[in-house]
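Trainee: Below: one structure in structure tokens.
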Ligand code: EPZ
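Numbering (this note's numbering), first residue to last: 136 to 553.
In structure tokens, the structure reads:
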């Protein structure tokens with residue numbers, strides 16, 4: 136295993152290129168299952184999760200041709216419909232093959248993803264919705280075993296809670312179902328619009344994307360697509376937190392802050408300057424951050440995926456900050472590690488109280504999940520001394536060459552074998 140090592144105290148300066156969004160690339164890759172025509176994805180990030188998803192599609196018999204930031208997927212000769220546990224356990228987003236497999240092949244056997252560090256992560260909403268569309272089946276030996284012997288048909292789907300991959304699974308299934316599907320309480324995350332663009336290019340008729348009510352007219356056959364993956368708004372927000380913590384002035388090339396309106400306003404309020412510039416945004420900060428309150432919420436609220444990184448930056452802010460994590464039940468694992476660096480954080484269930492410290496101090500810490508690992512990098516950049524972050528594989532799931540990008544703007548950051 137590898138460690139990421141950060142020697143804090145360097146102001147950042149230069150240009151960072153924002154990669155394609157992990158949470159767009161995965162559902163768009165899944166959409167290729169819906170057709171036997173080859174599909175092309177551009178601006179694909181080089182991530183462990185993308186590799187894992189490609190492995191999963193290959194295990195069905197799909198032909199994957201990955202090139203740098205580009206993936207060709209040909210699902211014309213799919214022969215298996217089983218998503219095995221050893222692949223699914225590495226990446227919960229594997230659940231995204233359930234809808235497309237049922238729609239295309241009439242059956243699917245997908246390992247229950249199981250929980251992860253941040254929560255139980257149930258998929259009951261996905262299963263219930265697909266049953267309303269004509270699928271039958273049950274949970275057997277840790278697998279979701281479902282069939283759609285007469286194909287899927289349109290239905291009215293009411294999600295009790297906003298679910299991003301639940302909305303994506305039903306969008307894909309409905310695109311190849313007979314008749315009209317309406318999704319109520321649909322997720323509005325921008326990544327869903329990226330998926331919908333691909334599905335529309337395939338021939339599906341979709342309205343209401345970005346609203347809480349989405350309608351889909353299914354087709355009996357779908358084309359392929361050539362789709363470009365949008366810039367990663369979570370990577371963008373991660374680097375904004377990093378610059379707020381470590382100070383400096385950096386251009387985030389390719390960043391699109393129209394996808395981050397709420398967080399950008401909050402970052403500005405705590406003292407981070409964020410201005411549009413040619414080809415992206417300039418982010419700068421040269422003074423101690425101010426305190427604030429954050430309540431994570433579904434889009435367009437403050438993204439839960441940026442909560443850990445903000446907590447790291449606020450650990451050095453002036454005053455007391457509050458964070459409520461309203462999406463996942465266990466997404467404060469990074470707080471204990473930040474406290475080992477000198478942060479003053481009190482956790483009570485879904486509430487965190489962060490009393491800004493004068494300094495953080497480098498030490499050995501452990502990454503527990505993807506975004507927690509990013510928060511430890513943010514803290515390490517601002518800490519006095521050297522921070523060694525073990526289990527670096529977590530960060531590689533969702534950030535493309537993060538240490539190279541930060542090193543290029545002046546950070547002292549490198550990898551060591553554990
Ligand atoms: C997606 O996960 C993202 N992953 C997550 O990003 C992100 O944190 C999350 O949405 C929230 O924005 C991908 O897009 C691949 P949900 P997802 O279904 O779809 C409950 C990252 O770091 N729920 O929107 O799995 C669930 O427990 C990852 O990049 C059910 O109860 O999240 C949670 O409390 C982490 N039953 C809430 O809904 C269900 O069937 C929202 O979860 C489904 C969800």
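We put the CB at the ideal spot given by N, CA and C, even for glycine.
1) Could you name the residues of the same chain whose beta carbon sits closer than 6 Å to that of residue 376, not counting the 5 residues immediately before and after it, in chain order?
2) Just list the residues that DSSP pairs residue 340 with in beta bridges.
3) State whether the segment 449-457 contacts the segment 489-503, with contact taken as three or more CB pairs (one from each stretch) at a distance under 8 Å.
4) Compute the Euclidean distance between the alpha carbons of residue 254 and residue 463, then round it to the nearest angstrom.
5) Take every Cβ of the segment 542-549, pair it with every Cβ of the segment 470-490, and state whether three or more of those distances are shorter than 8 Å.
6) Quick check: does the Cβ of residue 550 come within less than 7 Å of any heavy atom belonging to ligand 1?
7) At what residue ranges does the segment 183-212 contain a whole run of the beta strand (DSSP E), taking only runs of 3 or more?
8) Would you call the segment 284-291 and the segment 312-328 in contact, with 3 or more CB pairs under 8 Å?
9) Applying the 10 Å Cβ sphere with the 16-neighbour rule, what's the burial state of residue 403?
10) Taking the Cβ atom as the reference point for each residue, do residue 264 and residue 283 lie within a distance shorter than 8 Å?
11) Three-state secondary structure (DSSP) at residue 430?
12) Verify whether the separation of the beta carbon atoms of residue 245 and residue 168 is less than 8 Å.
13) At a threshold of 7 Å, does residue 225 count as lining ligand 1 (C-beta to nearest heavy atom)?
14) Pull up the DSSP beta-bridge partners for residue 319, would you.
15) Given the structure, does residue 156 come close to ligand 1, in the sense that its CB is under 7 Å from one of the ligand's heavy atoms?
16) Output yes or no for whether 8 Å exceeds the beta carbon distance between residue 368 and residue 330.
17) Should residue 529 be listed as close to ligand 1, given that the test is whether its C-beta is under 7 Å from any heavy atom?
18) Could you give the uninterrupted runs of the beta strand (DSSP E) lying entirely in the segment 412-473, keeping only those of 3 residues or more?
19) So, helix, strand or coil for residue 170, using DSSP?
20) Ordered along the chain, which non-local residues of its own chain (more than five positions away) have a Cβ less than 7 Å from that of residue 234?
21) How big is the Cα-Cα spacing for residue 191 and residue 221?
22) For residue 556, verify whether its CB is less than 7 Å away from any heavy atom of ligand 1.
23) I want to check one thing, is the minimum distance from the CB of residue 261 to the heavy atoms of ligand 1 below 7 Å?
24) Cutting at 8 Å between CB atoms, please list the residues of its own chain near residue 496, excluding the five before and the five after it.
25) Is the segment 144-155 in contact with the segment 532-547, if contact means three or more CB pairs nearer than 8 Å?
26) Three or more C-beta pairs under 8 Å: does that hold for the segment 158-174 against the segment 204-217?
27) State yes or no: is the C-beta of residue 254 nearer than 7 Å to some heavy atom of ligand 1?
28) Using only CA atoms, which one of 416, 413, 418, 442 lies nearest to residue 427?
29) Do residue 522 and residue 544 count as a contact pair if the criterion is CB distance below 8 Å?
30) With distances taken between CB atoms, is the gap from residue 528 to residue 227 smaller than 8 Å?
31) Based on the DSSP secondary-structure assignment, which residues constitute the bridge partners of residue 280?
32) So which of 391, 160, 286, 205 has the shortest CA-CA distance to residue 353?
33) May I ask you to list the residues that DSSP assigns as paired with residue 137?
34) Kindly examine ligand 1 and report whether one of its heavy atoms sits closer than 7 Å to the Cβ of residue 414.
Mentor: The structure says:
1) Residue mapping note: residue 376 aligns to position 241 of the chain shown, counting from 1. Closer than 6 Å at Cβ, skipping near neighbours: 444, 445, 448, 513.
2) In the chain shown, residue 340 corresponds to position 205, counting from 1. Listed as beta-bridge partners of residue 340 by DSSP are 352.
3) Contact between the segment 449-457 and the segment 489-503 is present: 3 or more CB-CB pairs across the two stretches fall below 8 Å.
4) Taking the first residue of the chain shown as position 1, residue 254 is located at position 119. Taking the first residue of the chain shown as position 1, residue 463 is located at position 328. Taking the Cα positions, residue 254 is about 6 Å away from residue 463.
5) As far as the Cβ criterion goes, the segment 542-549 does not touch the segment 470-490, which means the pair count is below three.
6) What you label residue 550 is simply residue 415 of the chain shown in a count that begins at 1. Not one heavy atom of ligand 1 is found less than 7 Å from the C-beta of residue 550.
7) Those beta strand (DSSP E) runs which fall completely within the segment 183-212 and span 3+ residues are 198-202, 205-209.
8) Contact holds: three or more Cβ-Cβ distances are below 8 Å.
9) Start at 1 with the first residue of the chain shown, and residue 403 comes out as number 268. Residue 403 comes out exposed.
10) Mapped onto the chain shown, residue 264 falls at position 129. Mapped onto the chain shown, residue 283 falls at position 148. Against a cut-off of 8 Å, the Cβ pair of residue 283 and residue 264 comes out as no contact.
11) Looking up residue 430 in the chain shown gives position 295. DSSP places residue 430 in strand when its eight states are reduced to three.
12) As a first step, residue 245 must be located in the chain shown, where it is residue number 110. As a first step, residue 168 must be located in the chain shown, where it is residue number 33. For residue 245 and residue 168, no; Cβs fall outside 8 Å.
13) Indexing the chain shown from 1 puts residue 225 at position 90. Short note on residue 225: C-beta not closer than 7 Å to any heavy atom of ligand 1.
14) Taking the first residue of the chain shown as position 1, residue 319 is located at position 184. DSSP lists 293, 348 as partners of residue 319.
15) Against the chain shown, residue 156 aligns to sequence position 21. Checking every heavy atom of ligand 1 against the Cβ of residue 156, none is found closer than 7 Å.
16) The residue you call residue 368 lines up with position 233 of the chain shown. The residue you call residue 330 lines up with position 195 of the chain shown. No, they are not a contact pair.
17) By one-based count along the chain shown, residue 529 stands at place 394. No, since every heavy atom of ligand 1 falls outside the 7 Å radius drawn around the Cβ of residue 529.
18) Contiguous beta strand (DSSP E) elements confined to the segment 412-473 occur at 415-420, 428-430, 455-459, taking only those with 3 or more residues.
19) If you number the chain shown from 1, residue 170 lands on position 35. Coil, per DSSP.
20) Residue numbering aside, residue 234 sits at position 99 when the chain shown is read from its first letter. Around residue 234: 265, 304, 305, 307, 308.
21) Taking the first residue of the chain shown as position 1, residue 191 is located at position 56. Taking the first residue of the chain shown as position 1, residue 221 is located at position 86. Our two residues, residue 191 and residue 221, have alpha carbons roughly 10 Å apart in a direct line.
22) Because residue 556 is not part of the residues shown, which for the chain are 136 to 553, the question remains open.
23) Walking along the chain shown from the start, residue 261 turns up at place 126. Residue 261 Cβ: within cutoff of ligand 1.
24) Taking the first residue of the chain shown as position 1, residue 496 is located at position 361. For residue 496, where only same-chain residues beyond five positions count, the Cβ hits under 8 Å are 476, 477, 518, 519, 520.
25) Segments in contact, yes.
26) Segment contact: the segment 158-174 against the segment 204-217, three or more CB-CB distances shorter than 8 Å; contact assigned.
27) Counted from its first residue, the chain shown places residue 254 at position 119. Residue 254: yes, Cβ under 7 Å from ligand 1.
28) To locate residue 427, count along the chain shown from 1; it is residue 292. Distances from the alpha-carbon of residue 427 to those of 416, 413, 418, 442 put 442 closest.
29) Taking the first residue of the chain shown as position 1, residue 544 is located at position 409. Taking the first residue of the chain shown as position 1, residue 522 is located at position 387. A distance of 8 Å or more separates the beta carbons of residue 544 and residue 522.
30) Locating residue 528 in the chain shown gives position 393, counting from the first residue. Locating residue 227 in the chain shown gives position 92, counting from the first residue. Not a contact, by the Cβ cut-off of 8 Å.
31) Taking the first residue of the chain shown as 1, we reach residue 280 at position 145. Partner(s): 244, 273.
32) The sequence position of residue 353 within the chain shown is 218, counting from 1. For the residues 391, 160, 286, 205, the minimum Cα distance to residue 353 belongs to 286.
33) Taking the chain shown and counting its residues from 1, one reaches residue 137 at position 2. The partner list for residue 137 (beta bridge, DSSP) reads 552.
34) The sequence position of residue 414 within the chain shown is 279, counting from 1. Distances from the CB of residue 414 to the heavy atoms of ligand 1 are all 7 Å or more.
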